[in-house]
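Peer 1: After the structure tokens below, expect a handful of questions from me.
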Amino acid sequence: KRAAARAEKRPYRYDRAGLQVDRQERFARAAAGEPHVVRFRTPDEPITIKDEVLGEAVLPAGEVDDFVIRKADGYPTYHFAVVVDDALMNVTHVLRAQEHFNNTAKHLVLQSALGFEHPAYGHLSLIFNPDGSKMSKRDKDKAIRAAVKSAGLASPPDGTITQEAFDAWLGDKKSQLDHDALVAMAQALDVTLPEINVADFERSGYLPEVLCNFLSLNGWSPGNDLEKFDNAFLARNFDLSRVQKTPARFDRDKLLAFNLDAIQAMPEDEFRARARAHGMRFHPQFMDALTTEQFDLLADASRERSKTLDDMFKTNGWLLLEDDRLSWPISKPVRKAMLKGETPGWTILQQVVALLERIEPFEGAALERELTEWAEDACDGNLGKIAQPLRIAVTGGPVSPPIFDTLAMLGKERCLLRIARCLEVMEGAAASS
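The sequence shown: position 170 = 170 (this note's numbering), numbered continuously.
Below, the structure is given as structure tokens:
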């Protein structure tokens, strides 16, 4: 019957065929172990849904089918379990997506049959991506599929998933890779996975209070153009009457701006503590590689530029590299800073090595004083002429925290080792250009 309804492209409705079988026979067959389900017989009367967001709706008699409340394996269905769970937990309000609106009718008739009180229901609009597509957990899988297609891959990147799993996934558009596989593929393909669930945003370093603040604005507002507030304000002022019925669009740029503002407003000691907790949870290898002094220096140097708690871990991998494994790809910014101009940066770097060897203590304040004085004499006061070559030499690239903090974090010995290796590379590049 179900197959026939599907073939005719009409919704399947149970025809109460079980009631045509004698009651004693039904129970005897069930007791004998014959697979069976238990259905709830929906009353033949209209069902009124009082929704705190969408208003009142009346479903005519017969609209709601006789639905299964216990499956053939003996386990209760979601509808039965959630009604019992809500009642036993004294739930007063059920707020969920509009997709569940039709389920509410089933829950109301079950509650009445079981003698439970009805909680207040409110069905919230969906959250869409900026392009108008539905925000979905499948978005992460879609991002990887797009990258695989763009790269024309017939095999998975090394260290990700097996060829068999790759072929099965690629051949079935409805299948999804699990979280670990998605992360491995994203790293191998240099893809940033979109955050979808709360755990994703946590992992990306968004502050929980910022996420709560921002999410509340996706479909609700306090009504006075106020956008930034804490959870206490939200608890005092949230009102279902101000929840909008139309879908909201999730503006990731705005969320990032909210998070940046919150981090910049933090006292240094709070940022250190929260960054440390984030690192211990999501970047334990990074944390193990740094001393407490190094971490505190990195946190203090990173706070004003960090949009998330994760930024300082993502952008400072140079700290973890063994000195003999650091490399210097000749990108456009590196070429400009090191190989171009009347006095190329690598030649200025040669001149400053002796100064760095003498500086004691090798700390931020002393480094700033000595290098600034040296730049006054050697570079007409243009500190940038030595700062950028130094940055590239010790980190491998043109971006890092302030140069004095960067040097202090590495320490004198490691800085000098890296500079010596960098000079060899740049001399060779200069000779061949």
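From the three backbone atoms N, C-alpha and C, an ideal C-beta is built for every residue, glycine too.
For Ile69, report the span of its beta strand (DSSP E) as first-last.
Peer 2: 67 to 70
Peer 1: May I have the straight-line CA-CA distance separating Ala113 from Val38, to the nearest angstrom?
Peer 2: 15 angstroms
Peer 1: Determine contact between the segment 308 to 316 and the segment 271 to 280, defined as no fewer than three beta-carbon pairs at a distance below 8 angstroms.
Peer 2: yes
Peer 1: The beta strand (DSSP E) spanning Phe40 covers which residue range?
Peer 2: 38 to 40
Peer 1: Can at least three beta-carbon pairs, one atom from the segment 335 to 352 and one from the segment 384 to 392, be found at a separation below 8 angstroms?
Peer 2: yes
Peer 1: Does the Cβ-Cβ distance between Gly55 and Leu240 come in under 7 angstroms?
Peer 2: no
Peer 1: Mind reading off the beta-carbon distance from Gly62 to Asp44? Whole number of angstroms is fine, and I expect it under 8 angstroms.
Peer 2: 7 angstroms
Peer 1: Rank Thr160, Pro247, Pro361 by C-alpha distance to the C-alpha of Asp434 and give the top, closest one.
Peer 2: This structure does not reach residue 434, given that the chain is present from 1 up to 433, and the question cannot be answered.
Peer 1: Whole angstroms is fine: what's the gap from Glu227's alpha carbon to Asn213's?
Peer 2: 8 angstroms
Peer 1: Which full runs of the beta strand (DSSP E) of 3+ residues lie inside the segment 56 to 100, going along the chain?
Peer 2: 67 to 70, 93 to 97
Peer 1: Using DSSP bridges, identify the partner residues of Phe128.
Peer 2: Paired residue(s): Lys134, Arg249.
Peer 1: Is DSSP giving Ala120 helix, strand or coil here?
Peer 2: strand
Peer 1: What number of angstroms, rounded off, separates the C-alpha of Glu342 from the C-alpha of Lys336?
Peer 2: 11 angstroms
Peer 1: Going by DSSP, name the residue or residues bridged to Lys50.
Peer 2: Glu56
Peer 1: If we call anything under 7 angstroms between Cβ atoms a contact, is Gly396 one with Trp328?
Peer 2: yes
Peer 1: Under a Cβ-count criterion, where at least 16 other Cβ atoms within 10 Å of its own Cβ denotes burial, should Phe201 be classed as buried or exposed?
Peer 2: By the beta-carbon neighbour count (other beta carbons within 10 angstroms, threshold 16), Phe201 is buried.
Peer 1: So what's Val210 in DSSP terms, helix, strand or just coil?
Peer 2: helix
Peer 1: Which residue marks the beginning of the alpha helix (DSSP H) containing Ala378, and which one marks its end?
Peer 2: 364 to 378
Peer 1: Among residues of its own chain, excluding the 5 on either side of Gln244, which ones have a beta-carbon nearer than 6 angstroms to its beta-carbon?
Peer 2: Gly219
Peer 1: Tell me whether the beta-carbon of Ala87 lies closer than 7 angstroms to the beta-carbon of Phe40.
Peer 2: no
Peer 1: Answer yes or no: do Tyr206 and Asn259 have a C-beta to C-beta separation smaller than 7 angstroms?
Peer 2: yes
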